[in-house]
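Residue numbers (the numbering used here): 212 to 401. A virtual CB, placed ideally from N, CA and C, is assigned to each residue, including glycine. Only a predicted model underlies this, so the values are computations on that prediction, with no experimental measurement involved.
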Amino acid sequence: MMKALSVIELADLYGMNRQSIYKRINKGDLSKNSDGKIDLSEAIRVFGEPSNKNKNVTTLQSTTVQKETEVDMLKQQVEMLKKQLDLAHEREVFQREQLAAKDNQIDAIQRLLEAPKPPKIEDPIPSAAPQETVELAKEEAPVQAEIQAQPKHDGLTTDQEIKKRIPVPEHVEPEPKKRGFLSRFFLPYG
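Printed below as a string of structure tokens:
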């Protein structure tokens, strides 16, 4: 099968004007294919052999081969870009799912933080047995009543008043004797 050429390529091959080729087509001397191109054999029948046929035909053929190669490369690139786009879309969907899962976790944690906490029951004296607690409460009741019965002062109190109000426990150890600077080094532990 011979090469099909466009009107412009045929004009370049024969060194003619495009209008001359169109006149021949309109007269019916030259016919076009269904794709609008003209077979080289048809052009040779009407115009004869081109004077520089070998040079131009091989140039046209090599140009066509180059264009076909470029088209194939571009098709491959398009396919590769489609695959990359699909992968990017899959990654985006995955990231959105991960983000939604993290949002759900955050919401759950916030709900847990905002949930009402059960009241803590604190034992006033955790080490005391229940019976001892009752006895201590009985002992403290008169002291509390005595404190409440006393008239309030203007904030000036004496040591005697403080001792009356605040009971001092009996098990308090006496404060150790103060020592001077040099005795700390020369008389250790006593």
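Between Gly239 and Arg229, the alpha-carbon positions lie close to 16 Å from each other. For the pair Pro261 and Leu221, the CB atoms are not nearer than the 7 Å cut-off. Unbroken alpha helix (DSSP H) runs of no fewer than 4 residues, entirely contained in the region 223–274, are found at 229–238, 251–258, following chain order. Counting other Cβ atoms within 10 Å of its Cβ, Ile249 reaches 16 or more and is therefore classed as buried. A straight line joining the alpha-carbon of Glu325 with that of His300 spans about 37 Å.
Contact annotation, Glu253 with Ser242: C-beta distance approximately 6 Å; criterion of less than 8 Å satisfied. Its Cα nearest to that of Arg256, the residue Arg235 stands out among Thr274, Gly247, Arg235.
Ile232 counts as buried, since no fewer than 16 other beta carbons sit within 10 angstroms of its beta carbon. C-alpha of Ile320 to C-alpha of His382: approximately 49 Å in a straight line. With respect to the 7 Å criterion, Leu251 and Lys214 are classified as neighbours on the basis of their beta carbons.
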